[in-house]
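In our numbering, the protein residues as written are -17 to 295.
We put the CB at the ideal spot given by N, CA and C, even for glycine.
Given the structure is predicted, the values throughout are model-derived calculations rather than measurements.
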Amino acid sequence: MQWHERIGRRLKLRDLHILLAVTQHGSMAKAATALAISQPAVSKAIADMEHTVGLRLFDRTPHGVEATTYGLALARHGTAIFDELKQAEQHLEFLADPTLGELRIGSSESMAAGPLPAIIDRFSRRHPRVALTVAQAVFATAHYRELRERRIDLLMGRMFPSFEADDLQSERLFDDQLVVVSGIRSRWTRARRLELADLAGERWVLPPADSLPGLSTADLFRAAGVELAGVPVTTLSIHLYVQLVATGRFVAMLPGSILRFGGRHLPVKVLPVKLPSQPRPVAIIRLRNRTLSPVAQAFIDCAKAVLSERGAP
């Protein structure tokens, strides 16, 4: 019997469900409890799967079980199978009633403080019964993990300059340039022209050096030949940025989209500092081979429309 015939005829969705539970809990007993079935039933299902594929899926240890390389590979594909089934269910629900659906979005801090509220406002008016969940995503070396584990449907934020991932695809929304801001009562708001070097002695609020925004900011200071005189406050919180800058004692760099979409309500002012132009693409990123639900497509279309109307480049 061929490999695909063994898998197709003998491996059931119930078996994959049990395998995922054992992988997650690291214990046959804990998986049985979570699934509300007996431990012997779990043990037999795993043994049958190992016999079917002809490979050991778990190593038995004194503290439970640990998935082998083969077990992890099968679990990863099992996760994709159940995710596709969920996508199919949601697609059918949408076809039956286009007002229903669910969408999970990962968003960078700057997107959440800038364009995202306007996009969600427009989308929720058109699709009031679609459940939206927004999770903050920290853009670091592992920032695509939530997508790959299928915990979110779309990721919105700035892309790394060297975006290369065979399993992901991106759709550029706009390029977001940094601007220098101060509090509206700061002495710098009266200046008509400033260089970055003029602000070297000020108290700065900056992103952490090892973050994507931190790397971009460091590049701008380096290009201008500026070294800061004081020790900056470092944070990724846009809320903290704004609150500190509003005191008039701090200056900072913020993505221009935050000022474009929420500037009327922020107690900060853009200073006349000309910064070198840098490519800062903001995009929607998703899994390449994952079925795109109608709800996700509707959200992407809505985002493009809002950004186009608001003048995002």
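Practice prompt. Answer with buried or exposed for A285, where buried requires no fewer than 16 other C-beta atoms within 10 angstroms of its C-beta.
Written response: Counted from its first residue, the sequence shown places residue 285 at position 303. A285 comes out buried.
Worksheet item: What whole-angstrom Cβ distance do S90 and I267 have, given they're in contact under 8 Å?
Response: By one-based count along the sequence shown, residue 90 stands at place 108. By one-based count along the sequence shown, residue 267 stands at place 285. A Cβ-Cβ distance of about 11 Å is found for the pair S90 and I267, leaving them out of contact under the 8 Å criterion.
Worksheet item: Would you call I220 buried or exposed, if buried means 16 or more other Cβ atoms sit within 10 Å of its Cβ?
Response: By one-based count along the sequence shown, residue 220 stands at place 238. Within 10 angstroms of the beta-carbon of I220 lie 16 or more other beta-carbons, which makes it buried.
Worksheet entry | Beta-carbon separation (whole angstroms), A14 vs Q21, contact threshold 8 Å | Counted from its first residue, the sequence shown places residue 14 at position 32. Counted from its first residue, the sequence shown places residue 21 at position 39. Beta-carbon to beta-carbon, A14 and Q21 are separated by about 4 Å, close enough to satisfy the 8 Å threshold.
Worksheet item: When the Cα atoms are used, what is the spatial distance from V161 to T199?
Response: By 1-based counting over the sequence shown, the position of residue 161 is 179. By 1-based counting over the sequence shown, the position of residue 199 is 217. Roughly 10 Å separates the two Cα atoms.
Fill in: Classification of R231 by the beta-carbon crowding that lies within 10 angstroms, buried from 16 upward
To locate residue 231, count along the sequence shown from 1; it is residue 249. Classification for R231: exposed.
Worksheet item: In whole angstroms, what separates the C-alpha of E128 from that of I101?
Response: As a position in the sequence shown, residue 128 is number 146, starting the count at 1. As a position in the sequence shown, residue 101 is number 119, starting the count at 1. If you draw a straight line from the Cα of E128 to the Cα of I101, it is about 21 Å long.
Discussion item. Taking the alpha helix (DSSP H) that R204 belongs to, which residues open and close that run?
Written reply: Counting from one through the sequence shown, the residue named residue 204 turns up at place 222. Counting along the chain, the alpha helix (DSSP H) containing R204 begins and ends at 194 to 205.
Item to complete: Could you check if K256 is buried or exposed, using at least 16 other CB atoms within 10 Å of its CB as the buried criterion?
Response: Locating residue 256 in the sequence shown gives position 274, where the first residue counts as 1. The Cβ neighbour count for K256, taken over all protein chains shown within 10 Å, is under 16; the residue is labelled exposed.
Worksheet item: For L197, which residues of its own chain have a beta-carbon under 8 Å away from its beta-carbon, when the five flanking residues on both sides are left out?
Response: Counting from 1 along the sequence shown, the entry for residue 197 is found at position 215. Correct list, in chain order: A191.
Worksheet item: In whole angstroms, what is the alpha-carbon distance linking D103 and T115?
Response: Here residue 103 refers to the residue found at position 121 of the sequence shown. Here residue 115 refers to the residue found at position 133 of the sequence shown. So the alpha carbons of these two residues sit roughly 14 Å apart.
Item to complete: Thinking D157 and P258 are a contact (beta carbons under 8 Å), I'd like their distance in whole angstroms, please.
Response: Within the sequence shown, numbered from 1, the residue matching residue 157 stands at position 175. Within the sequence shown, numbered from 1, the residue matching residue 258 stands at position 276. Going by Cβ atoms, the distance from D157 to P258 rounds to 13 Å, so no, they are not a contact pair.
Worksheet item: Buried or exposed: where does M(-17) fall if 16 or more other Cβ atoms within 10 Å of its Cβ makes it buried?
Response: As a position in the sequence shown, residue -17 is number 1, starting the count at 1. Residue placement at M(-17) cannot be trusted, given a pLDDT of 46 that sits under 50; what the coordinates show is reported in the next sentence. Of the other Cβ atoms in all chains shown, fewer than 16 fall within 10 Å of the Cβ of M(-17); this residue is therefore exposed.
Worksheet item: With DSSP run on the structure shown, which of helix, strand or coil describes K(-6)?
Response: Here residue -6 is taken as the residue at index 12 of the sequence shown, counted from 1. Three-state result, K(-6): coil.
Practice prompt. Please classify G212: does DSSP put it in a helix, a strand, or coil?
Written response: As a working mapping, residue 212 is identified with position 230 in the sequence shown. In the three-state scheme derived from DSSP, where H, G and I count as helix and E and B as strand, G212 is classed as coil.
Worksheet item: Mind checking D201: buried by the 16 CB within 10 Å criterion, or exposed?
Response: Translated into positions along the sequence shown, residue 201 becomes position 219. Result: exposed.
Worksheet item: Secondary structure at R292, three-state DSSP: helix, strand or coil?
Response: Taking the first residue of the sequence shown as position 1, residue 292 is located at position 310. Looking at R292 - three-state DSSP - the assignment turns out to be coil, as it is neither helix nor strand.
Worksheet item: Between which two residues does the beta strand (DSSP E) harbouring D157 extend?
Response: What you label residue 157 is simply residue 175 of the sequence shown in a count that begins at 1. Note, D157: beta strand (DSSP E), 150 to 157.
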